[in-house]
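Residue numbers (our numbering), protein chains in the order written: chain W, 27 to 499; chain S, 27 to 499; chain G, 27 to 499; chain E, 27 to 499. Before any comments, here is the structure.
Protein chains: 4
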Amino acid sequence: WHARHRFPWKLLLQVFKIIVVTIQLWLFAAQRYLHVAYLWDTRVSFSHMFLLGWESTREVLAYPPSDGPLAVYTRQEFYDYIDFAVVAYTNLSDISIGSYEYHSANDTVMPSHFCCEHYTESFARHLTECIDIPWAAVRAAKVWSALDFFDSRNFTVAFDTLLNCQYFFKVKAVKLRSEPSSLAPDCYNLTTTLVFDNDDRDGQMLVGLNIEATVLSCHSDDDNHTPQPEATTINILTMIMCCLSLLMCCRSLYRAQLLRYSCVTFFHTYYRKTLSKWDELEFCNFWYVLICINDILIIIGTLLKLGLESRNHEGYMDTWNICSLFLGVGNLLVWFGCLRYLGFFQTYNVLILTLKKCLPNVLRYSICITMLFAGYCLCGWLILSPYHIKFRSLSTTMECLYSLINGDDMFATFSSTSAKDPVIWWFSRIYLYSFISLFVYVILSLFLAIIMDAYDTIKRYYAEGFPKSPLQK
Amino acid sequence: WHARHRFPWKLLLQVFKIIVVTIQLWLFAAQRYLHVAYLWDTRVSFSHMFLLGWESTREVLAYPPSDGPLAVYTRQEFYDYIDFAVVAYTNLSDISIGSYEYHSANDTVMPSHFCCEHYTESFARHLTECIDIPWAAVRAAKVWSALDFFDSRNFTVAFDTLLNCQYFFKVKAVKLRSEPSSLAPDCYNLTTTLVFDNDDRDGQMLVGLNIEATVLSCHSDDDNHTPQPEATTINILTMIMCCLSLLMCCRSLYRAQLLRYSCVTFFHTYYRKTLSKWDELEFCNFWYVLICINDILIIIGTLLKLGLESRNHEGYMDTWNICSLFLGVGNLLVWFGCLRYLGFFQTYNVLILTLKKCLPNVLRYSICITMLFAGYCLCGWLILSPYHIKFRSLSTTMECLYSLINGDDMFATFSSTSAKDPVIWWFSRIYLYSFISLFVYVILSLFLAIIMDAYDTIKRYYAEGFPKSPLQK
Amino acid sequence: WHARHRFPWKLLLQVFKIIVVTIQLWLFAAQRYLHVAYLWDTRVSFSHMFLLGWESTREVLAYPPSDGPLAVYTRQEFYDYIDFAVVAYTNLSDISIGSYEYHSANDTVMPSHFCCEHYTESFARHLTECIDIPWAAVRAAKVWSALDFFDSRNFTVAFDTLLNCQYFFKVKAVKLRSEPSSLAPDCYNLTTTLVFDNDDRDGQMLVGLNIEATVLSCHSDDDNHTPQPEATTINILTMIMCCLSLLMCCRSLYRAQLLRYSCVTFFHTYYRKTLSKWDELEFCNFWYVLICINDILIIIGTLLKLGLESRNHEGYMDTWNICSLFLGVGNLLVWFGCLRYLGFFQTYNVLILTLKKCLPNVLRYSICITMLFAGYCLCGWLILSPYHIKFRSLSTTMECLYSLINGDDMFATFSSTSAKDPVIWWFSRIYLYSFISLFVYVILSLFLAIIMDAYDTIKRYYAEGFPKSPLQK
Amino acid sequence: WHARHRFPWKLLLQVFKIIVVTIQLWLFAAQRYLHVAYLWDTRVSFSHMFLLGWESTREVLAYPPSDGPLAVYTRQEFYDYIDFAVVAYTNLSDISIGSYEYHSANDTVMPSHFCCEHYTESFARHLTECIDIPWAAVRAAKVWSALDFFDSRNFTVAFDTLLNCQYFFKVKAVKLRSEPSSLAPDCYNLTTTLVFDNDDRDGQMLVGLNIEATVLSCHSDDDNHTPQPEATTINILTMIMCCLSLLMCCRSLYRAQLLRYSCVTFFHTYYRKTLSKWDELEFCNFWYVLICINDILIIIGTLLKLGLESRNHEGYMDTWNICSLFLGVGNLLVWFGCLRYLGFFQTYNVLILTLKKCLPNVLRYSICITMLFAGYCLCGWLILSPYHIKFRSLSTTMECLYSLINGDDMFATFSSTSAKDPVIWWFSRIYLYSFISLFVYVILSLFLAIIMDAYDTIKRYYAEGFPKSPLQK
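Quick look at the structure:
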């Protein structure tokens, strides 16, 4: 029943596949990281240049954030921010360290735009008004004031009914590569938007900066882009490997189906027994299905990657994430697949058999726990959401509680919930103490009990022999 | 004995109830979050506008705080803070981004108030003196100085005997809704108080800003407030569901009592045995009691919610927390109740039976641990409270120690206790090492042992049959 | 053998004692916290007033610190700091919010002092030079400059051989109590020292501010200090309780010794057997010894507390810590003693018996682990100390490793060790991975195994009867 | 078979060795810490003096960093940084608190240098241009401007093709020792480099300061350096101890080999059996090998240490790390070796035997887990690297996941991955939940099961006797 005579061929293929696929992932990860880091750093540079109150502490993505949100609170500040951004845009190519160029039409630089969204008088609809800010006028002015400019154009920012304002402009960025192998620079069209968000209408106007980057063909007409030879080699190798592996697994699955049919017929004819669904499922080798899935994922991912590397079409940005998702999950499953070959050695088989054995119990048990967990989540979310950042949304509540079970920073959670209202204070204490005690001491211990039970069972099987399924009998 | 023929009806009701109740909670949580977030953001805006030394790092509720308390340390700073706040109040409607209006009487804007509490000369009593700061005078002045103003009115701030000072004023806030479905704006009366707290008399005068919000009827007389139809539907559905479920559970409980009486009589008549208290308690189905409780909680919560949504009375703010508490806990128990229906499937029953089995032992054991824990808490609180922020009060000491057992950030606790006094240093080390070693390695392991023991017992019962209670015999 | 007929009397006494002692601790903790918090806040106030570069972020004791040490790096900064402090001292009573008075002799305010410690030319000895800074001169000057003043007095700060400088002065502080029950204000003599520490001679001169507080008798000659009646009551009650309890325990211990003698004689006479040391130790009831110890601790602590509350002698500050240590540890042991009375109920006895049973094994095992732990500590300390703040000293290394076993923030430890030297990088990775894997997965699991083994043994004893000691036979 | 009659001699030697070696480590660690701390503090001082935007928050090595990287974003800032550094260098000996001297030739101070690396026009090569900044000219100028200076020398910084700039200079530092025992000051040659790094060409120019220190012979010609006597004594003692111990262990190993040969011959002659490789390996005592290794490590480390203490050659800096590595790992193994002597007591032997017993299973099992872990690592690295600082490189991904298993701050990991792209958001949630659940609940529990199984086996062996190896039979 153990199909060990087919072993050496496929194993070799799989070992080779795992190496090739991992190398491919490695190269791709480096490439992708460079790309995303460039965009991230550009956003940081622009924040420094266009946002008046930007500080480098805001560049760190920490939890909890070290700072409140960037916002303006007075009308004067609002105009100062606009003045700063407009002047920075006007002098961008002179003051910036990076290489940015203006878009221009008819030898005049394109103006930047400023738009505001208001309520109408009757509150029935939203109304968006826009104004162009000409480049040359700002450049010529010694001190440029947005307020004066708006007045001269009869453009008013009515703060009482204001919903949000946006200032946006486009520039071209040229990125020289530092490694000499591929000298052709990359060019991007950066659409930058400063957003002043007053939707909440609570006196706090949030300020943010967004950059959208799309690919541009550079001025240099010699598009001598040659893809790196090693990348191409790896791509082709991966495709071949995966297709081969896919074919062989499909063949095996197909043969297993044939065997199942003949077996069903055999049982039917000789024993007058029909096989149960679970018995029939045993013919469908879970491992082959796994390998098929990862082959398909990697093939799709590689195709997407080829598309990315050809770089012919604009706006290709969006597929980086999808592509890495396919390659990453494919790779994950390839490594999982290795367990199968380790399972051939009897001593290594324990993990897999124990997992298989305890899986149904663990799942059943998980369903019970999920009920309790869902109750705690919803209750905590409703009551604590305004008083604690970790309970802000349902998903963060889930993450917070899940983390608490696993020993996350509990005291910080306790201490931050110390609202002034004693009702909330007492509730949060009872809630957290009961949740942690119940889950950590009682429920996780039961998990342990279930798994150790399964391990003992498997060990007894090894000593006394496995129970036979009806097929084997 | 298993009452399974009544099953489909009630289960359906409960499943439906759980869905309705969860949707209700979902809608209410969003509504409440918006409300509390508005107040919170308003507090932030006002802090920026009225507090001289406010910085956005103070908006983050982190542990440990990133900053010391906001305080003034010299008399000059104190007057600067007052000047800043008074001027900001005077120009509020001009400079602020949000929509705030002054309260006014006889066409003059209401003055703001400044009060100070002193000791009297004989230290026998506290004395509070107040002064009004007229709006128009400040507005007219080019540079307004609190010190000069106080001098001109013969109002002195005697720092030597000063306990605290307060500056307060009232403004009206209008909140336009961003979603178009309910256009009627909300209006609030914001009573803002700047508190200068010198109670400790240690040269540090803490500064804080409090806002109390009460509902106002807006100027717009067309109070075309129509509650959202979906909210109303859900409210009504919830009420019906819960009442039905409550009725059915009460009926079941009542029937169980009847059964109990007849059973007691039966035993008394035929076996000359009286049933023990515990045997009689078995008639009272714990699950039905649970369902009754959650029904009652949700009904009360829904009634409160209806009150909140009608928005007719001022000062309704306070019931948001109570209402969410009732709905939240009710929902928690509803989800717990699901376990009962899962318990009908034998394989799922393990969790519940194991919990039931190990509960008495766990509780007894917990009492023992509580003694040790209380000793450590009191001792740590007394000795370490001035040297470590986590031991400041008894409740934080409890939270800190409880968190340490569960693997909280231990090193930070160690490192922050490094007082200069070597006695304290050595004590804190011995205290923490002994506490953690004892609780994590010894006591939690025993917990595990108790629960695994209960699990084994239950498993043996499944294999060998459950022991029978005297009733079943 | 179980001495249960003496039970009710002593239990009552102990229950009463625990209540009284806990109340005493509660009152004392509040009292002590107020006292230490006053000193701490005064230090914060003085830091704000006398240290030029002080910021409120430095008031938070966090790990890791949010800021580098407060230091001066140029000569100009050094003089600026001195100027700032001298001017602040000169105007202290005018600018400060708290109530501070100068010490004065002959109607002139005492001068402040400035001292510097140098190397001599030959490097053989240290030399300290001092200069007085007269109060009136600084007060009279419009802009006072330390550099000019030093020049005029021929006092030079030779930076090349400078070791450290100190600026110090004394002020009187008056603290009014906010609660009206005890109106007599407390007076302190605050000796404040600004330390400029250049011992490391690496271009960084650390700046610090120390305050030493001693008690002064206030001006007010009516020393109508009456100790609070409730505190006195509790003190007396505690003393009576503890003395009674001590007496009774001593009596019991004495009787047990008598019993031992007669028993030894009995065995010697009738069985010709001598009892082993361990058998004899069984006569000495561990619980009585525990109670005696905690009684003695609490009696000493209460005596110290009485001394503190009388407040007659100056310089009593130092006994606060000692006193709280005695009371705290005494209280801890009182609570531990409760376990004895719980142990009378058989079902509660499991914890205590299991602890007793597994203690020898746990200790033996701990010794083995200590070897491994010591090796890791010393090795990690030596190699990583300059590259990671957690490995700076041997004690922090121990705390860090101990915390890591218990699930402390591991990633932060990993990430901060990323030195530039690849040797250190690889070593730190191998070191941490091996340490955590070994201790968390292998050694802690063995702990669990030992304790569960002891629990099983005790459970078997309960089922099958305890093994008898030779005495019982 | 137990070689206990040789015991007292060697044990004594080992106990003595452990003491000596630990003392040596202690002394060396203190020495090394002082040295590295001096360099670190010098770097901090220079950062304050030469970097315009340096703040003391940057001195703390925290995770996550409290601040974004130090960088310049506009051309003006870039020149400001250079001006600041050049002026600071020119006035260094006047303004600094530490003792620094210029290098000078022909009585003129050595100039500092400024270099920039550009792309050439054709992008084919990199080009480095340098310019000297004369000391005297800057000193003479009232306000010195780098831009004007560069213009006057026809040196242009072409930002469009700029790769990086460097400003460097050399100074001599004299370090007086604070302890009087060794008065000879240490002298260092500090080569300081300010790096402006624009390799990424994304508008952000990172600024950094590096110091390289090499040893100089001081001016003082009396090189009366006498090594501390206690250090010398310890060094010599260590050498003797380790050599002795090494000799004895080698002898024992040699004898064991002799025994093996005779044993093999014996079996071969009398039983006609050849011994298996594993049986033969039993003759090679693992403990002796361990002791040999640690002796060799410590001897090498001590030799390196002697070299460091003689301080004759320049550039000796690099061996500090290597030396501490040898001594540290040697010490770690010495402590491990203690377990052997504890193993002679039968009750202490459990740990060692259990470890021995479960080792093969744990290793085999670890290999299985490694497959799963590798899959998760690669997948997480690829997909999340641009969105989360913890997944930036493969090694940090490994550390992050490994820490998560051990209960690291999970919520922070969750919360920081909240990218805007919903694909990434959902992936990161599924990824983290599945990883943690699988590893914490299932895989770690199996670890526990394996180890408790081994412990039970060993306990049974103790009760029933150990199974005999063929040799023992």
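Backbone N, C-alpha and C define an ideal beta-carbon position, used for all residues, glycine too. Just so we're clear, the structure is a prediction, and the values are computed from it rather than from any experiment.
Within the same chain, W161 and A162 come within 8 Å of G:T134 by CB-CB distance, once the 5 residues on both sides are set aside. With contacts defined by Cβ atoms closer than 8 Å, G:V197 and G:Y128 form a contacting pair. At a beta-carbon threshold of 8 Å, the residues of chain S lying near G:I348 are V449, ordered along the chain.
Not a single CB atom of chain W sits nearer than 8 Å to the CB of S:V241. The beta carbons of G:L220 and G:Q192 sit about 7 Å from each other, so the pair counts as a contact at 8 Å. Residues are counted here when their Cβ sits less than 8 Å from a Cβ of chain G; for the region 91 to 106 of chain S these are P91, S92, D93, G94, P95, L96, A97, V98, Y99, T100, R101, Q102 and F104, given in chain order. With fewer than 16 other Cβ atoms from the protein chains shown falling within 10 Å of its own Cβ, W:P448 counts as exposed. Taking all protein chains shown into account, S:S130 has fewer than 16 neighbouring C-beta atoms within 10 Å of its C-beta and is therefore exposed.
Looking at the backbone, the Cα of W:D223 and that of W:C156 are separated by about 16 Å. The beta carbons of W:S271 and W:L39 sit closer together than 8 Å. As DSSP reads the structure, S:Y145 sits in a beta bridge with S:H152. A straight line joining the alpha-carbon of W:L353 with that of W:Y59 spans about 15 Å. For S:W80, the number of other beta carbons within 10 angstroms of its own is at least 16, and it is reported as buried. Within the region 313 to 340 of chain G, not one residue has a Cβ closer than 7 Å to any Cβ of chain S. The alpha-carbon separation between G:V241 and W:S71 amounts to approximately 57 Å. Counting only the Cα atoms, W:V466 lies some 22 Å from S:Y459.
At a cut-off of 8 Å, the C-beta of E:K43 has no neighbouring C-beta in chain G. In the three-state reduction of the DSSP assignment, G:I157 falls in the strand class. Here W:Y391 has L472, F473 and I476 as same chain residues with Cβ atoms under 8 Å from its own Cβ, once five neighbours each way along the sequence are excluded. DSSP places W:D93 outside any alpha helix (DSSP H), giving it a letter other than H or E. Identification of chain G residues near E:A167 by a Cβ-Cβ cut-off of 9 Å yields none; the smallest Cβ-Cβ distance measures about 19 Å.
Relative to the Cα of E:C349, the nearest Cα in the group G:W361, G:L408, G:A239 and G:W313 belongs to G:L408. Taking all protein chains in view, the Cβ of E:I462 is crowded by 16 or more other Cβ atoms within 10 Å, so the residue is classified as buried. With its beta carbon less than 8 Å from one in chain S, G:W361 belongs to the interface. With the rule of 3 Cβ pairs closer than 8 Å, the region 424 to 437 of chain E counts as touching the region 427 to 441 of chain G.
When 9 Å is used as the limit between beta carbons, S:D186 is near no residue of chain W, the shortest such separation being about 31 Å. Residues of chain S with a Cβ closer than 8 Å to the Cβ of G:I157 do not exist; the shortest Cβ-Cβ separation is about 27 Å. Ranked by how close their Cα comes to the Cα of G:T218, the residues G:L118, G:R418, G:K382 and G:I326 have G:L118 in first place. Under the three-state reduction of DSSP, G:Q192 is assigned to strand. Ranked by how close their Cα comes to the Cα of W:I317, the residues W:E306, W:F309 and W:M274 have W:M274 in first place. Taking CB atoms only, G:A400 has a neighbour in chain E less than 8 Å away. Runs of the alpha helix (DSSP H) lying entirely within the region 326 to 392 of chain E, each at least 4 residues long, are 345 to 368 in chain order.
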